[in-house]
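Working notes, beginning with the structure itself.
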Amino acid sequence: MKTYFSTFITGTQEIVKEFLAKRGVKIKLLLDGLVVYESDYPEREIRNFHIFNNTYLLLRSFSNLAPDAKSLEKILAMVSHDKNLQHQIAINLPSRRRNFKIVSSLENSMVPVSRELLQKLESIILRTPGTRLNIQKPDLEFWALLRRERYGFFGIRVTYPFRHENYREKGELRKEISYILSFLSKPNPKDVVLDPFAGYGSIPIERAASFPYKEIIAVEKEDDLISKLKQKVKASGKKIEVIRGNALALSGIQNKSIDKIISDPPWGEYKEVPDLEKFYESLLLEFDRILKKEGVIVLLIGAKDIFENILQNKFTNIFQLQKKYDILVSGKKAAIYKLVRNYENK
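Here numbering that gives the first Met the number 0 is used: the first residue of the sequence shown is 0, the next is one more, and so on.
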């Protein structure tokens with residue numbers, strides 16, 4: 000049994016707790032954006048927990064530390080003085096990754112620390128046969144993290160590869176968000192799933208890669224995105240039907256034919272939406288038409304007040320808000336909404 004710590008999207012603790020509980024994983028500490036847990040899952044499976052931003056094998060943990068650079072350096076000093084550290088590193092290093100660097104993070108931001116402290120810790124790691132310091136192109140990272148909740152951690156990053164990991168098209172969703180949206184929909188092997196704003200395909204591709212389904216339909220209106228969407232779907236190797244269409248008038252989708260609608264509608268930032276109120280109203284009317292009686296809608300919304308106003312004033316007899324999670328997406332406030340049909344409207 001090993002101990003890991005993983006970072007995740009702020010505001011989704013409840014979802015993470017449910018995710019780990021379903022896998023029989025014991026949670027030792029749950030913060031807003033970080034969880035510490037024990038698991039005997041193989042590391043390759045831990046690495047494929049797409050709900051997390053990053054995952055680390057925990058080597059040392061600390062508490063009651065002031066959230067400042069001085070305490071972060073204290074973590075590095077305490078780790079360096081741990082007589083058992085070299086042994087722990089030796090038995091936990093991945094066999095084929097030995098080009099390392101040390102990363103220091105304070106409240107989710109990289110911060111510089113004493114070079115002398117780093118060199119001391121680097122020298123300890125270098126005692127392990129085959130290890131090489133490679134700050135520019137590492138394939139192995141040791142992380143020292145300090146949180147505002149006064150907890151500190153030191154561990155080996157499990158999620159890999161590192162290069163190109165942050166590259167996304169403008170407006171393209173992170174894999175973790177796409178996973179969470181799909182997870183909230185309660186996936187079923189009989190699901191007919193629709194993303195009416197498929198964009199670059201993040202949601203339908205993640206839904207197909209991580210969960211069972213019968214059929215997935217990805218709809219996109221923009222000409223410049225259709226070809227890219229088709230390319231990404233083809234590269235994924237998954238069975239996903241790509242359709243050019245308007246989410247507000249899905250003429251190719253039959254009445255009451257969709258089990259799950261999972262989507263990230265335009266926020267009015269990257270794509271201009273002249274009247275968001277009218278847009279949301281038209282969208283929910285179309286969803287009412289195509290969604291089955293027991294269907295589920297999961298949406299990522301940026302204009303929360305406008306969406307909630309439309310939902311409460313015009314759709315309370317049609318849809319029930321089952322869950323709402325306030326989150327940040329690229330530093331911007333947003334929310335995940337899970338809607339089901341109002342019982343009387345089924």
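Built from N, CA and C at the ideal position, the CB exists for glycine as well.
ask   = Nearest CA to the CA of K189: which residue from K291, F61 and L139?
value = In the sequence shown, residue 189 corresponds to position 190, counting from 1. Minimum Cα-Cα distance from K189 among the listed residues K291, F61 and L139 corresponds to K291.
request  = Can you give me the start and stop residues for the alpha helix (DSSP H) that V78 sits inside?
outcome  = Position 79 of the sequence shown holds residue 78. V78 -> alpha helix (DSSP H) spans A68 to S79.
ask   = With DSSP run on the structure shown, which of helix, strand or coil describes Y159?
value = In the sequence shown, counting from the first residue as 1, residue 159 sits at position 160. Y159 sits in coil when the DSSP states are folded into three classes, being neither helix nor strand.
request  = Could you please give the first and the last residue of the uninterrupted beta strand (DSSP E) stretch that includes E140?
outcome  = Here residue 140 corresponds to residue number 141 of the sequence shown, with the count starting at 1. Looking at the DSSP string, the run of the beta strand (DSSP E) that includes E140 is L139 to L145.
Pair within 9 Å by beta-carbon distance, N91 and I45 = Counting from one through the sequence shown, the residue named residue 91 turns up at place 92. Counting from one through the sequence shown, the residue named residue 45 turns up at place 46. Not a contact, by the Cβ cut-off of 9 Å.
ask   = How would you call L284, buried or exposed, if buried means at least 16 neighbouring beta carbons within 10 angstroms?
value = Translated into positions along the sequence shown, residue 284 becomes position 285. Exposed: under 16 other Cβ atoms inside 10 Å.
key: Close beta carbons around S79, own chain, < 6 Å, minus the five adjacent residues each side   = For the purposes of this step, residue 79 is taken as residue 80 along the sequence shown, with counting starting at 1. Same-chain partners within the cutoff: K119 and L120.
inquiry  = Measuring CB atoms only, is the region 244-256 touching the region 222-229, in the sense that at least three cross pairs come out at less than 8 Å?
reply    = Cβ pair count under 8 Å is below three, so no.
inquiry  = Bridge partners for K100 per DSSP, in chain order?
reply    = On the sequence shown, residue 100 is found 101 positions in, with the first residue counted as 1. Residue pairing for K100: DSSP places it in a beta bridge opposite E140.
key: Extent of the continuous alpha helix (DSSP H) run through E240   = For the purposes of this step, residue 240 is taken as the residue at position 241 of the sequence shown. Judged by DSSP secondary structure, E240 falls outside any alpha helix (DSSP H) and instead within the beta strand (DSSP E) spanning E240 to R243.
query = So V35 packs on T2, CB below 8 Å; how close in whole Å?
reply = By one-based count along the sequence shown, residue 35 stands at place 36. By one-based count along the sequence shown, residue 2 stands at place 3. Here V35 really is in contact with T2; their C-beta atoms are around 7 Å apart, less than 8 Å.
ask   = Cβ of G294 within 9 Å of Cβ of I317?
value = Taking the sequence shown and counting its residues from 1, one reaches residue 294 at position 295. Taking the sequence shown and counting its residues from 1, one reaches residue 317 at position 318. I317 sits away from G294, with the two beta carbons spaced by 9 Å or more.
task = In the DSSP assignment, find the unbroken alpha helix (DSSP H) run with K313 in it and report its ends.
result = Residue mapping note: residue 313 aligns to position 314 of the sequence shown, counting from 1. In the DSSP annotation of this structure, the continuous segment of the alpha helix (DSSP H) that includes K313 starts and ends at K303 to K313.
task = With DSSP as the reference, label A197 as helix, strand or coil.
result = Start at 1 with the first residue of the sequence shown, and residue 197 comes out as number 198. A197 falls in the coil class under three-state DSSP.
task = Taking all protein chains shown into account, decide if N63 is buried (16 or more other Cβ within 10 angstroms of its Cβ) or exposed.
result = On the sequence shown, residue 63 is found 64 positions in, with the first residue counted as 1. N63 is exposed by the Cβ-count criterion.
ask   = Mapping DSSP to helix, strand and coil, what is A401?
value = Residue numbering for the chain in the displayed model covers 0 to 345; residue 401 lies beyond these limits and cannot be assessed.
Option nearest L116 by Cα separation, candidates S181, K73 and I296 = Counting from 1 along the sequence shown, the entry for residue 116 is found at position 117. The candidate whose alpha carbon is nearest that of L116 is K73.
query = Is the CB-CB distance between D138 and N98 below 9 Å?
reply = On the sequence shown, residue 138 is found 139 positions in, with the first residue counted as 1. On the sequence shown, residue 98 is found 99 positions in, with the first residue counted as 1. Yes; because the gap between Cβ atoms is below 9 Å, this pair is in contact.
inquiry  = I'd like the span of the alpha helix (DSSP H) that includes K233, first residue to last.
reply    = Mapped onto the sequence shown, residue 233 falls at position 234. Segment D222 to S235, the alpha helix (DSSP H) holding K233.
ask   = Taking buried to mean at least 16 other C-beta atoms within 10 Å of its own C-beta, is P93 buried or exposed?
value = Stepping through the sequence shown from its first residue, residue 93 is reached at position 94. Per the 10 Å Cβ criterion, exposed.
Buried or exposed (CB count within 10 angstroms, at least 16 for buried), T6 = Sequence index remark: in the sequence shown, residue 6 carries index 7 (1-based). Buried.
ask   = By DSSP, does K332 sit in helix, in strand, or in coil?
value = The residue given as residue 332 occupies position 333 in the sequence shown. Strand at K332.
task = Look at the Cβ atom of A302, then the Cβ atom of L338, and state whether they are nearer than 9 Å.
result = Along the sequence shown, one-based indexing puts residue 302 at 303. Along the sequence shown, one-based indexing puts residue 338 at 339. A distance of 9 Å or more separates the beta carbons of A302 and L338.
I305 versus N53 - alpha carbon distance = As a first step, residue 305 is located in the sequence shown; it is residue number 306 there, counting from the start. As a first step, residue 53 is located in the sequence shown; it is residue number 54 there, counting from the start. Each residue's Cα considered, the two are about 33 Å apart.
Residue(s) in a DSSP beta bridge with Q319 = Taking the first residue of the sequence shown as position 1, residue 319 is located at position 320. Under DSSP, Q319 shares a beta bridge with V339.
ask   = Who are the near neighbours of R167 in its chain, counting only those whose CB is closer than 6 Å to its CB and skipping five residues on each side?
value = Here residue 167 refers to the residue found at position 168 when the sequence shown is read from its first residue. Nothing meets the Cβ criterion.
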